[in-house]
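Participant: Mind the numbering: the sequence shown is residues 135 to 683 in my numbering, read in order. Even for Gly, the Cβ is constructed at its ideal location relative to N, Cα and C. Predicted model, so just to flag it, every value in this text is computed and none were measured.
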Amino acid sequence: MLQISSLRKDIGAATILSAINFTINDGEHVALIGPNGVGKSTLLRIIVGQERPDAGLVALAPGATIGYLAQAFESDLAATLGAAVVAAQADVSQAEAALLRTSEALVAPADLAAALAAYAAALAAFEALGGYARAQRAAAVLQGLGLGDLPPELPVTSLSGGQKTRLGLACLLLREPDLILLDEPTNHLDTEALEWLEGFVQSYPRAALIVSHDRMFLDRTATRTLFLDGQSHTLTSYAGGYSDVLTARARDLAAQAAAYKDQQAYIGKVCADIARLKGHAAGLEGVSTPVGDHDMKWATGWSSGLSSTIARAARSRERKLERYLEADERVEKPRAAWGMKLDFGEPPPGGRAVLDIEDLRFAYPGGRDLFGGLRMELRHAERVALVGPNGAGKSTLLKLVVGQLSPQGGQLRLGSSIKPGLLAQEHELLDPQQSVLAHVLRARPQSEGEARSFLHLFLFGGDSVFRPAGRCSQGERSRLQLALLVLAGCNLLLLDEPLNHLDIEARAHFEQALAAYRGTVLLVSHDRAFVQAYATRRIALGASLSRRP
C-alpha cells in the first residue's frame, strides 16, 4: 500500500528525519509515536504531498487513495455541516445524480434499449459505491462522533473547536480511503466518541497510520508501532501497540547498556595491556650489565631487540583497538533523553474541607442549566475525576471553582486557606504576546538566569524562552502552563485535560509528579488509562443541551 525509502527531511540546517524506511500493507493499522517536535506530523504531510522530502521516495500503490486528518481541521468556512458531509461523499452524490438523470430519461426515451442500458450502468455504479446504505452510514458516523443531533444547515463557523475536529474526522471516515492518516484523532473526543472511534478503526478494512498520545487507544487499534527517535531522527518498527513498545524498548535499552558495559571493560583491558607493553619496552631500552665490552654489546643489542618487539606488539594492539572503535559493530553509549522534570512541591497548608457545592446552577446564554442542582464535596488529598460527555459542564465547573465564572444559583465554597490553580484546556490563561520567559518572570520575581534554569526543566532551552506564547506549539503551551502552576504553589489543582498535547514521555513525568503531590486534585481527562490509575473517586456530570465541548 505505502512504501517509504531512504527519506530525509531538513529544516534549515537541522535534520528532522533521517534514513526513514518502512512499509504499510493493505489492511494494516500502524501507530507512529515519539516525543513532541521530532517530525511525526511532518512525516504525515510528506506522505500526503503537502511537503516535499529533501531525499528519498514515497511510493503509493497505483490507484490507491489517501485520507488525511490534521491536528487542526480545515474546511470551507462558508459551508454548512450538511454540505461538508455531502462533499465528503462526492463520488456517491455524483453517482446518485447520474442515476436520477438516467431514470428520468426512461419516461420518453428515443431509444428504449439504450436508455435501459444507461440506467443499468448508472445503477450498478451507484450500488458499487454503497448506494443508499452510504446515507445510513453517514448518519451513523455523525451520531457516533456526537454530531448527529446538530442540524445540517448549521454553519461550520458556529462549531466549537472540538466539533470541527470531529466533523473533519467524520468527513475523512466517510470517504473510506485506502489509507487513512490520523494526527491526534482522539483530541477533543469525549469517552463515548473515543470508544466509538476505537471500534471503527479496529474494524476498518483498509490501512491506517495513526499519530496519537492515547496509550489505550493505540494498544487497542495498532498491530505495529513505529517509534521516531528524537536524537537519531530514525525510525524503529515494533510489533504490537504502545505497551508492547515500552516493553521492547526497555529490553533493548537494557541490552545496549549491558553490551556497552562489556565493551568498555574490554577497551579498558586492552588499554591496560598496551600501557603495560609500552612500559616493558621503555624499561628495556638502554639496559646495561657489569660484564665485558663484548658481553655488554650483546646484552644491549638483545634488550634493544626485545624492546622493539614489545613496542611493535603494543602498536599492533593499538591499531586493532582503533579498528574496533571505528567498526559499525561498536556499541554506542546509551544516551539519556532530555526529559521534563516536574515537581509540584509541598503544597501550602489548608483545611480538610477543600470544596463544598450545594444546589449549583449555571447556564450559558440561550442554553439549559448545566448542573441541575449539583451537590458535591471535596476533601483534603482527594483525587477526583469529573467524567461525562462533551457539553456536560466539566470545564465550566472548574472555571466556576477558580472564579472565572460565577454561579447563577446555589453555593460554591472554598475551604479556609485553599489556593486553587487552573491548568486550562485551551491555554486561554496565557498571553499570546508575552514570551515564555516573561510569563515566568511575571509569575515569580527572580533573575533571568534563575528563570531560564527553571524553564530548562520543562524543555525550554536556548532561544525558545524568548518565543511568544502565541507562537509556541500546543505541547510547549501545555508545558508552560505546568511550569506556571508549579510556581503558583497551589494546594488545589484544577486540571482540564492536562495530558492533551503532551507526548507519552512527558505524560509519564507528569503522572509521576502528580502521584507525589500531597495536595488535592480535581481533574477532567478523557485518557482512560490515566483516570483508572490515578483518580480515587469519580463524579459523573450529565449531558446538556447547551452542547459546549
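Rounded to whole angstroms, what's the CA-CA distance from L194 to N159? Just pull it up for me.
Facilitator: 10 angstroms
Participant: Using 8 angstroms as the Cβ pair cut-off and three pairs as the minimum, do the segment 545-561 and the segment 569-582 touch?
Facilitator: no
Participant: Which first and last residues belong to the alpha helix (DSSP H) in which Q137 is found?
Facilitator: Element bounds for Q137: not the alpha helix (DSSP H) but the beta strand (DSSP E), 136-145.
Participant: From which residue to which residue does the beta strand (DSSP E) around H163 run?
Facilitator: Residue range 163-167 is occupied by the beta strand (DSSP E) that includes H163.
Participant: Can you grab the Cα-Cα spacing for the pair G484 / L546, in whole Å?
Facilitator: Linking G484 to L546 through their CA atoms gives a straight-line distance of about 17 angstroms.
Participant: Does DSSP classify Q397 as helix, strand or coil?
Facilitator: helix
Participant: Where do the N-terminal and C-terminal ends of the beta strand (DSSP E) with A153 fall, by residue?
Facilitator: 148-158
Participant: Thinking C-alpha only, which one of P566, S346, L494 is nearest G507?
Facilitator: L494
Participant: Just the C-alpha distance for K143 and T176, rounded to the nearest angstrom, thanks.
Facilitator: 9 angstroms
Participant: If you follow the beta strand (DSSP E) that I314 is in, where does it begin and where does it stop?
Facilitator: 313-317
Participant: Skipping 5 residues on each side, what residues in its chain have a beta carbon closer than 8 angstroms to that of P541?
Facilitator: L494, R495, F496, L534
Participant: Can you list, in chain order, the residues of its chain whose CB lies under 7 angstroms from that of Q336, leaving out five sequence neighbours each side?
Facilitator: Correct list, in chain order: R354, T355.
Participant: From F361 to L380, what does the alpha carbon distance come to, in whole angstroms?
Facilitator: 10 angstroms
Participant: With a CB to CB cut of under 7 angstroms and the five nearest residues on each side skipped, what residues in its chain are close to S237?
Facilitator: Y253
Participant: Thinking C-alpha only, which one of V574, T443, L246 is nearest A622?
Facilitator: V574
Participant: Of the choices R641, A663, P554, whose alpha-carbon is the least far from that of L628?
Facilitator: P554
Participant: If I measure Cβ to Cβ from R349 and keep anything under 6 angstroms in the same chain, skipping five residues before and after, which residues do I get?
Facilitator: Y376, A663
Participant: G537 to G216, Cα distance in whole Å?
Facilitator: 38 angstroms
Participant: In whole angstroms, what separates the C-alpha of Q568 from that of G364?
Facilitator: 28 angstroms
Participant: Go ahead and pull the three-state DSSP assignment for D477.
Facilitator: coil
Participant: What did DSSP end up calling L657 once you bin it into helix, strand or coil?
Facilitator: Here DSSP, grouped into helix, strand and coil, assigns L657 to strand.
Participant: Look up E511 in the DSSP assignment and give the residues it is bridged to.
Facilitator: D490
Participant: What residue ranges within the segment 608-639 form continuous beta strand (DSSP E) runs of no fewer than 3 residues, ordered along the chain?
Facilitator: 626-630
Participant: Return the chain-ordered list of same chain residues with a C-beta closer than 6 angstroms to the C-beta of G543, the five sequence neighbours on each side being excluded.
Facilitator: R495
Participant: Residues in the same chain with beta-carbon distance under 8 angstroms from R451, minus the five sequence neighbours each way, listed in chain order, please.
Facilitator: V404, D407, I408, L411
Participant: Thinking C-beta only, is G161 closer than 8 angstroms to R385?
Facilitator: no
Participant: How about F478 and A640: do their beta carbons lie closer than 8 angstroms?
Facilitator: no
Participant: Please name the residue or residues paired with G543 in a DSSP beta bridge.
Facilitator: R495
Participant: At what residues does the alpha helix (DSSP H) containing T236 begin and finish?
Facilitator: Element bounds for T236: 224-238.
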